[in-house]
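Colleague: The numbering used here numbers the first residue of the sequence shown as 1 and each following residue consecutively. My questions will all concern the structure given below.
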Amino acid sequence: MQTAVYPGSFDPVTNGHLDIIERASRLYDRLVIGVLDNSSKSPVFSAAVRAEMLRDVTSHLENVEVDTFSGLLVDFASAKKAEVIVKGLRTVADFEYEFQMALLNKALNSHYETVFMMTDTKYSYISSSMVKEVAKYHGDLTGFVPQILIDRIREKF
Ligand code: PNS
Numbered sequence: 001m002q003t004a005v006y007p008g009s010f011d012p013v014t015n016g017h018l019d020i021i022e023r024a025s026r027l028y029d030r031l032v033i034g035v036l037d038n039s040s041k042s043p044v045f046s047a048a049v050r051a052e053m054l055r056d057v058t059s060h061l062e063n064v065e066v067d068t069f070s071g072l073l074v075d076f077a078s079a080k081k082a083e084v085i086v087k088g089l090r091t092v093a094d095f096e097y098e099f100q101m102a103l104l105n106k107a108l109n110s111h112y113e114t115v116f117m118m119t120d121t122k123y124s125y126i127s128s129s130m131v132k133e134v135a136k137y138h139g140d141l142t143g144f145v146p147q148i149l150i151d152r153i154r155e156k157f
């Protein structure tokens with residue numbers, strides 16, 4: 001059984017994230033979404049709420065689980081018995097940072113392979129930061145985040 005982890009801040013989860021989750025869940029036997037619990041990043045939503053939102057939007061995917069983590073990603077992957085780290089790439093602008101992280105994770109523990117998946121072009125401009133900006137100014141979030149989360153996100157702003 002091959003397990004992959006898909007880590008991120010998910011503050012909040014977007015349709016771009018969900019697209020990667022759905023596609024990665026078809027490639028691996030088990031996909032564990034790792035929600036980074038790091039208060040120094042000053043997230044809008046607590047790690048518990050971000051994880052809850054992810055569980056709500058992935059409830060149709062039987063081989064997907066969600067957990068929070070703090071500390072190193074390779075330690076989380078090890079605890080989950082994963083061999084693969086899945087990351088999404090939206091544009092070449094993401095590449096440099098993601099490439100550096102993949103090399104760092106490999107240096108920390110050579111056991112893990114980072115697999116990059118290209119975000120569907122229709123989501124390539126969506127980010128959690130952009131979603132928060134739109135929500136802050138009461139813009140329409142339709143199409144940016146899963147429909148069932150829109151009220152929860154709006155309430156926060
Ligand atoms: O959604 P994000 O904020 O781009 O996700 C970043 C994340 C969570 C993947 C990254 O910050 C991470 O892996 N943090 C855990 C700490 C760690 O392992 N650091 C070393 C590799 S950068």
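All C-beta atoms, glycine included, are put in the ideal place defined by N, C-alpha and C. Computed from a predicted model, the values in this text were never measured in an experiment.
Just checking Ser-9 against ligand 1 - is the residue's beta carbon closer than 6 Å to any of the ligand's heavy atoms?
Modeller: Position 9 of the sequence shown holds residue 9. Flag set: Cβ of Ser-9 near ligand 1.
Colleague: Is DSSP giving Asp-67 helix, strand or coil here?
Modeller: Here residue 67 corresponds to residue number 67 of the sequence shown, with the count starting at 1. Residue state, collapsed to three classes: strand.
Colleague: Tell me whether Arg-26 is buried or exposed, calling it buried when 16 or more other Cβ atoms sit within 10 Å of its Cβ.
Modeller: As a working mapping, residue 26 is identified with position 26 in the sequence shown. Answer is exposed; the Cβ neighbour count stays below 16.
Colleague: Throw me the rounded Cβ distance for the Asp-56 and Ile-148 pair, which I believe falls under 8 Å.
Modeller: Taking the sequence shown and counting its residues from 1, one reaches residue 56 at position 56. Taking the sequence shown and counting its residues from 1, one reaches residue 148 at position 148. Yes, they are in contact, since the Cβ atoms of Asp-56 and Ile-148 sit about 6 Å apart, within 8 Å.
Colleague: Beta carbon of Met-101: closer than 6 Å to some heavy atom of ligand 1?
Modeller: Along the sequence shown, one-based indexing puts residue 101 at 101. Checking every heavy atom of ligand 1 against the Cβ of Met-101, one is found closer than 6 Å.
Colleague: Span of the alpha helix (DSSP H) holding Val-92?
Modeller: Start at 1 with the first residue of the sequence shown, and residue 92 comes out as number 92. Element bounds for Val-92: 92-108.
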